[in-house]
Every structure is written in C-alpha cells, then in structure tokens.
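Asker: In the working numbering, the protein residues as written are -5 to 285. Please see the structure below; I have some questions.
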Amino acid sequence: MAQEISIPDLAAQDLAAQAMRHESRHDGGIVAWRLWGQGKPLLLLHGSHGGWMHWLRNIPALARDHLVIVPDMPGFGESDPPADIESAAQHAELLAQGLRGLPGVSGALDVVGFSLGALIGANIAILAPDLVARLVLVDAGGLDTPFFPADLRSPKGLEGDAVRAVNRHNLGAMMLHDPAAIDDVAIDITLAYGPRVRSRVQHFVVPDHLLSAARRVSAPIDLIWGEHDFIHPDPEANAAVIRAFQPDCELRVIAGAGHWPMYEQPERFEAALRDLLARPVRGRANQALAI
C-alpha cells in the first residue's frame, strides 16, 4: 500500500479514517481511491497539484445521500502515473479501468471535474461513455477563453514559515479570492500534495485542450464557476463556449469564490451542485464530434 498522505487537521484525519480506501492496479503501480457514504455514485476529480483533499469541505455533506468516490488521479497524491505523463487520455484510461472494479459502482456516474479534473473527466467520458451520465466542469481551463497566469512564487530553498508564507501568497494569487479564506488547512493541503506531483498532464490544458475533448463528449455538460476566478475569468464567456455545441448547458456561478469555489464557499457550491444533479439527465448530445 502506498504511503497515505495526512495533514494536521483533525477533521481531515477523521474524514480519511471514515473512508473506504481502495487501490486499482496498473502496469506502473496503483491508483488510490476513497469512498464515502451510499446512494447514487458521484465521482469527484481534483485539480492540478492536488488530491482528494481538494474536496475536503464537501465530502461529508455530499456523502449523506451519495456514494462519493474521490481518487488521487494518476501521478498525483498517493497514485502512480501512467506511462505517458503528458497524456490526458492515459490518465483517464487508468481511472476508467479503476472505476469498473470499485465495489458498489455500476452503471453511469455523475462526474464533477475541477480545473485539471475537468479535462480528465472529459477524457473518461470519451473513452468510456457508459460510465458517465453527466459531466460538471468546475472552473476549468482549456476552453480557449482568456487565461491570466497567476503571480506564483517558488518555495525552492526556503524552510519552515517562509515556505508557508509562499504557499499563502500562491493560494491568494490563484486559488482563493478572499484572503480570510486562506487558512492553515488550505496551506497544509498545498504543502502535502504539491511535492507529490509526478505528472505533466497539467501543462497540456490551455489554451484549448479541454474544448477539443468536450466537443467529443456525448454526455450532457454543465458548469460551476467561481465569481472571482482570476486565471479563468468570466463564467458566462466560458459557458458560451460549451453552449455552442451543447446549447442546454447550465451554468451556476458561486458568489464570493475564486478558482477553488468548493473550498472557499462550500455551502454555496454544494447547493449549486445539488441543483444540477437534481435535474433530469438530458439526452446524449448529438453534436458530439467524432475523433
């Protein structure tokens, strides 16, 4: 078993202890999965330089009426990378294979992909359309809309409080809108997962890799977007891109949130997600393009 990632927060430790942890195997190692609750399966895919704890504030509420499934995606956290660390399709293939072997999982799932997870989720929907009932994209790059690189600083050569200060700055520059939202737990999550990245797929998202994939997805696509996402601004402009080939795409904007809305505004995010999931699944998109 791969070494499990932990942070000092007691709530996070309790949540990890409550999970059913599962490992799916591939030629390069394992993919680590965690499952909570019961009910209709809901797959949550984290963002770049993250892991299952990107959803730390949402899992308890969602697990009250869903089987919540959260992997560390291949090459992140506790999971080993695919052979091609730049291929979104290979990352997605390992997740699709793992999903088919998870206990309690059958039929199509609701899939929610945050940032990088949106690209991986779209590729799962392309490779294994029977596994994806609908796809919800959260603050996703790669739609050929304006992208503004964040003012990120390197912690290289630093130690202790200086490293935490850099991570606090980076969270404010890219992930969280309100400085008050940058708490010790958010910093601990970035410190726990950042050094564990063994993939390069995150470098192949912008400008339009998600758009190319989304146009080939037959499952209905909806969006959730932080009102103040700095790097991928203008929720309506991003929704318009998807509506060009899925005109019924729904958009929910999370007030007061930046790029990581489910952490910064968890209750608003969960309400928006529940609203989308409560709606009947639309028919398969007949505009989906062939490869």
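Even for Gly, the Cβ is constructed at its ideal location relative to N, Cα and C.
1. Assuming Leu110 contacts Val199 under a Cβ cut-off of 8 angstroms, what Cβ separation, rounded to an integer in Å, is found between them?
2. Please classify Asp216: does DSSP put it in a helix, a strand, or coil?
3. How close, in whole Å, do the beta carbons of Asp104 and Ala127 come, if the pair is a contact with beta carbons under 8 angstroms?
4. Count the other CB atoms within 10 Å of the CB of Ser100; is the residue buried (16 or more) or exposed (fewer)?
5. Answer with buried or exposed for Ala249, where buried requires no fewer than 16 other C-beta atoms within 10 angstroms of its C-beta.
6. Starting from Val263, follow the alpha helix (DSSP H) in both directions and report where the run begins and ends.
7. Look up Trp27 in the DSSP assignment and say whether it is helix, strand or coil.
8. Who are the Cβ neighbours of His20 in its own chain at under 6 angstroms, not counting the five residues just before and after it?
9. Would you kindly report the start and end of the unbroken alpha helix (DSSP H) that includes Asp8?
10. Taking 6 angstroms as the limit between beta carbons, can you name the residues of its chain near Leu4, skipping five residues before and five after?
11. Measure the C-alpha to C-alpha separation of Asp59 and Glu153 and round it to an integer number of angstroms.
12. Tell me the rounded alpha-carbon separation between Ile221 and Gly252.
13. Which ranges does the beta strand (DSSP E) cover as unbroken runs of at least 3 residues, wholly within the region 105 to 192, from first to last along the chain?
14. Applying the criterion that 16 or more other CB atoms from any shown protein chain within 10 Å of the CB defines a buried residue, is His203 buried or exposed?
15. Taking just the CA atoms, how far does Ala26 sit from Arg147?
16. Leaving aside the five residues before and after Val106 along the sequence, list all residues of the same chain whose C-beta is less than 6 angstroms from its C-beta, in chain order.
17. Between the Cα of Gly71 and those of Ala83, Ile24, Leu165, Glu244, spot the shortest distance and give me the residue it belongs to.
18. Let's test the definition: count the other Cβ atoms within 10 Å of the Cβ of Gln(-3) and tell me whether it reaches 16, buried, or not, exposed.
19. I'd like the span of the beta strand (DSSP E) that includes Ile248, first residue to last.
20. On the DSSP letters alone, give me the boundaries of the beta strand (DSSP E) that Pro35 sits inside.
21. For Arg237, which three-state DSSP category applies?
22. Looking only at its chain, what residues have a beta carbon closer than 7 angstroms to the beta carbon of Arg276, apart from the 5 residues adjacent to it on each side?
23. What residue range is occupied by the uninterrupted alpha helix (DSSP H) comprising Pro54?
24. Assuming His60 is part of the beta strand (DSSP E), what are its boundary residues?
Answerer: Taking the geometry as given:
1. About 6 angstroms separates the two Cβ atoms, so the contact holds.
2. Note: Asp216 maps to strand in three-state DSSP.
3. Asp104 to Ala127, Cβ: 6 angstroms. Contact.
4. When all chains shown are included, Ser100 counts as exposed.
5. Exposed: under 16 other Cβ atoms inside 10 Å.
6. Sequence check: residue 263 is Phe here, not Val. In this chain, the alpha helix (DSSP H) harbouring Phe263 covers 260 to 272.
7. The answer is strand: DSSP assigns Trp27 an E or B state.
8. Around His20: Leu88.
9. Following the DSSP letters along the chain, one finds Asp8 inside the alpha helix (DSSP H) bounded by residues 4 to 12.
10. Excluding positions up to five away in sequence, the list is empty.
11. Going by the C-alpha atoms only, they are around 42 angstroms apart.
12. The sequence as given places Glu at residue 221; Ile does not occur at that position. C-alpha separation (whole angstroms): 6 angstroms.
13. For the region 105 to 192, whole beta strand (DSSP E) runs of length 3 or above, ordered along the chain, are 126 to 132.
14. By the neighbour-count definition (other C-beta atoms within 10 Å, threshold 16), His203 is a buried residue.
15. Arg147 and Ala26: Cα-Cα distance of roughly 30 angstroms.
16. Answer for Val106: Leu38, Val130, listed in chain order.
17. When only C-alpha atoms are compared, the closest one is Ile24.
18. It is exposed - the Cβ of Gln(-3) has fewer than 16 other Cβ atoms within 10 Å.
19. 245 to 248 is the span of the beta strand (DSSP E), which, as asked, contains Ile248.
20. Element bounds for Pro35: 34 to 39.
21. The three-state reading of DSSP puts Arg237 in helix, counting H, G and I together.
22. Excluding residues within five positions, the ones whose Cβ falls inside 7 angstroms are Pro214, Asp242.
23. Counting along the chain, the alpha helix (DSSP H) containing Pro54 begins and ends at 53 to 56.
24. For His60, the uninterrupted beta strand (DSSP E) run begins and ends at 60 to 65, by DSSP.
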